[in-house]
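Read the structure below first, then the notes.
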Amino acid sequence: KAFRGALALPAPVRVADLDARIAGEVQSVLTGQAVREALDPASLPDGAFFASGGTAFLKQGQTGRPWSFGGYGAPTPLPPQATRLTPQATCTALAAGYRPALHATAA
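Position in the sequence shown (from 1) plus 1203 gives the number in the working numbering.
Structure follows, in structure tokens:
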């Protein structure tokens, strides 16, 4: 409900519709019909993911926290350019105030 509310869509939206929207964006990248967006990671909302130098990062304030299966690493300065990994619909919800639960290592 919080995610749907953060998107502030004009009509009630089913979870299945949101899932299809997000999955559609991911699938278009995976099938080569679209490319991931290159951008300044400072423009991303907190909670979004970006890639730089072969590493995935969680955007947190003016830092990126490198992701691994063991958790998040220490905050590092944001690079000048990166690739957005988080689907746009999720970035929209994050920018509108949605806050996902994060692993304890990101606290």
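Ideal placement from N, C-alpha and C gives every residue a C-beta, glycine not left out.
As assigned by DSSP and simplified to three states, the class of residue i
| i | result |
| --- | --- |
| P1282 | coil |
| G1227 | helix |
| A1304 | coil |
| D1249 | coil |
| G1216 | Position check: residue 1216 holds Val in this sequence, whereas Gly was assumed. Coil at V1216, not helix or strand. |
| A1299 | coil |
| A1292 | helix |
| A1309 | helix |
One or two residues paired with residue i in a DSSP bridge
| i | result |
| --- | --- |
| A1259 | A1254 |
| L1242 | A1285 |
| T1266 | Q1263, P1280 |
| G1235 | Answer is none; G1235 lacks a bridge partner. |
| G1274 | S1271 |
Cα-Cα separation between residue i and residue j, rounded to whole angstroms
| i | j | result |
| --- | --- | --- |
| H1306 | V1216 | 28 Å |
| A1259 | A1285 | 10 Å |
| V1238 | A1310 | 31 Å |
| W1270 | T1234 | 24 Å |
| L1261 | D1249 | 8 Å |
| R1287 | R1302 | 18 Å |
| A1245 | G1257 | 18 Å |
Residue i burial status per 10 Å Cβ neighbour count (16 or more: buried)
| i | result |
| --- | --- |
| T1293 | buried |
| P1280 | exposed |
| P1283 | exposed |
| G1300 | exposed |
| L1242 | exposed |
| A1223 | exposed |
| A1277 | exposed |
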